[in-house]
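J.: In this note's numbering, the protein residues as written are 970 to 1123. Every residue, glycine too, gets a C-beta built ideally from N, C-alpha and C. Treat the numbers as computed from the prediction; the structure is a model and nothing was measured. The structure follows.
Quick look at the structure:
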């Protein structure tokens, strides 16, 4: 009887160790699409247009907001490991820029090593009524309008 209890404890410890080890395994996710070098060889600078690039390579992940409206193909691979913050382990960006006639001007490929960390602008409007209750706002608004504000212009 003592031997079976010992075997059960040993089996439980092995199962617990297996659960702990598998819980610490990394998981990966991939996002986006970047055309291969073979596909990009079919894009000719000074010859192809937006339409032909779309036929050869496909629709971009995003487009530029500047006048030339460059196309950006972006892919990322992210590693998740236990409790740690997710880490981007691979990122590729292909930028195809166009001239004013929508003809391909340049094709560039960037990797994670080519990038740099930038601080994004949040552009969030701060609430000037923070900490003010509804009733206080209502009382404070008395006298801030005239009866003419309620009349419609005809």
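#1: By Cβ distance, which residues of its chain are closer than 6 Å to residue 1113, with the 5 residues on each side in sequence left out?
#2: Just reading off the beta strand (DSSP E) that residue 1076 is part of, what are its end residues?
#3: Would you mind sorting residue 1053 into buried or exposed? The rule is 16 or more other CB atoms within 10 Å of its CB.
#4: Output the distance between the C-alpha atoms of residue 1046 and residue 1104, rounded to the nearest integer angstrom.
#5: Output the residue ranges of the beta strand (DSSP E) runs that lie fully inside the stretch 981-1054 and measure 3 residues or longer, sorted by chain position.
#6: Mind the definition here: the stretch 974-983 touches the stretch 1014-1022 only if three or more C-beta pairs lie below 8 Å; say whether that holds.
#7: Does the distance from the C-beta atom of residue 1017 to that of residue 1073 stay below 7 Å?
#8: Where does residue 1063 land, buried or exposed, given buried means 16+ other C-beta within 10 angstroms?
T.: The short version:
#1: none
#2: 1073-1080
#3: exposed
#4: 50 Å
#5: 996-1001 and 1040-1049
#6: no
#7: yes
#8: buried
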